[in-house]
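Sequential numbering from 133 applies to the sequence shown in the working numbering.
Don't be surprised by glycine CBs; every beta carbon is placed ideally from N, CA and C.
A short write-up of the structure that comes next.
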Amino acid sequence: MEALRVQSLAEKGEMSVPSHYVQPPESRPQRENPNPKPISNVKAIPLIDLSNPRTNLLEELRKACKEWGAFHVINHRVPVGLLDDMRRVGRTFFEERTMEEKLRYSCDSGSAASEGYGSRMLVASNDTVLDWRDYFDHHTLPLSRRDPSRWPDSPADYRKVVTAYSDHMKALAQELLGLVSESLGLTCQSIENVVGDFYQNITISYYPPCPQPELTLGLQSHSDMGAITLLIQDDVGGLEVFNNGEWVTVNPMSDAICVILADQTEIVSNGEYRSAQHRAVTNARRARLSVATFHDPAKTRQISPAFNPPKYRPVIYGDYVSSWYTKGPEGKRNLDALLY
């Protein structure tokens, strides 16, 4: 049976959230447990200007990747108008289409991460607490996976915007992985050669207002599976990154793109760089929207460290994905399981 969409739950106006959305006390964003981990609004992820001189740029990247695994980039050459358009078409789908219209694009609830409109990412056998989120997942690269007829046709420019956004994100991901490679002392193409052709997914996430945001998460704590994720938020904000024992709010910047290193890049760097553990919180008053563009290896690729002695066992990416979707992310436990 198709799961109820979170937006439908929110629109019912209930004063409490259903039990399967309630996080255990230790995972709640505003904790009631006696030893809460703080949330910092003072610290901020690094901001990197891609137009800086290359020597400075590589040093800034190295520090950001080593200490955070997440950073904002500006002067990224992606038209700011395209970022705005992507947020606009996403919000239009979620807020101006009827539920009947949206359900025409439902993803396959029987398989993990299928393309389309859904609420639950993990396999049905996983009994983890559900996220307070709906999403639309687009399969955009390689081109053999890209079928715009599976995407909404309203507003009229929806498919055109997603296609243009996909191409710009691919170019930026390639540029960034090249810079990350160089900052490790590797050749520019090193990480991309390990990853191979990008399998790119664009996921628009919609987080409806939540009557009990202190009990729920829009997206549970995790690190991304693939190589590199590029994310934009609206002005509501809700993304948090875990750093040195505390959750740090990633304040929205309308013209910046948030870069999140993912697990396969941590493996290639042999742990020198970290994939960023992150989550999304909800709020009681406003819906939030974000757009994450994932760049992953093909499932047949073997990923292993580029340095000796290796700290991680080699892994076939498809096996890694299966583990992630079956066990659930729970922080970085899937990556930690590969440590020697």
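- By the C-beta criterion, the segment 196-208 is judged to be in contact with the segment 169-188, since at least 3 inter-stretch pairs fall below 8 angstroms.
- The DSSP assignment places 322-327 as complete runs of the alpha helix (DSSP H) inside the segment 306-360, in order along the chain (cut-off: 4 residues).
- Going by DSSP, T458 is part of the alpha helix (DSSP H) stretching over 449-459.
- In the DSSP assignment, F426 falls within the unbroken beta strand (DSSP E) covering 420-428.
- Looking at G450, S140, R252, Y452, the one whose alpha-carbon comes closest to that of G242 is R252.
- The alpha-carbon of L273 is positioned some 15 angstroms away from that of K292.
- Residue ranges of uninterrupted beta strand (DSSP E) with 3 or more members, entirely inside the segment 354-414 and ordered along the chain, are 360-365, 371-375, 378-381, 389-393, 410-412.
- A408 places its beta carbon 7 angstroms or farther from that of I389.
- Taking all protein chains shown into account, L136 has fewer than 16 neighbouring C-beta atoms within 10 Å of its C-beta and is therefore exposed.
- Its chain contains A142, T414, N415, A416, R417, R418, A419 as the residues whose beta carbon lies nearer than 8 angstroms to that of P341, once the 5 sequence neighbours on both sides are disregarded; these appear in chain order.
- No Cβ-Cβ contact shorter than 7 angstroms links G310 with A430.
- Within its own chain, the residues whose Cβ lies closer than 7 angstroms to the Cβ of M147, once the five positions on either side in sequence are excluded, are P343, listed in chain order.
- Considering only S455, S151, T348, R186, the residue with the shortest C-alpha distance to C320 is R186.
- If you look at F439, you'll find it isn't in any alpha helix (DSSP H); DSSP assigns it neither H nor E.
- The criterion of a C-beta distance shorter than 7 angstroms is not satisfied by P150 and T224.
- Burial check for A469: the Cβ neighbour count within 10 Å stays below 16, so the residue is exposed.
- Boundaries cannot be given for L136, as no alpha helix (DSSP H) includes it and DSSP labels it neither H nor E.
- In the displayed model, A303 falls within a helix according to three-state DSSP.
- In this structure, DSSP gives L273 an extended state, which the three-state scheme calls strand.
- In the three-state DSSP reduction, S298 falls in the helix class (H, G or I).
- Annotation: D266 to R194 spans about 35 angstroms, alpha carbon to alpha carbon.
- Annotated as proximal: S353 and G463, with beta-carbon spacing under 7 angstroms.
- Among the bridge pairs identified by DSSP, G250 is matched with Y267.
- With respect to the 7 angstroms criterion, Y290 and V221 are classified as neighbours on the basis of their beta carbons.
- For V205, the enclosing beta strand (DSSP E) has its first and last residue at 202-206.
- Taking the Cα positions, T295 is about 36 angstroms away from Y444.
- Under the three-state reduction of DSSP, D216 is assigned to helix.
- The continuous alpha helix (DSSP H) containing D468 extends over residues 465-468.
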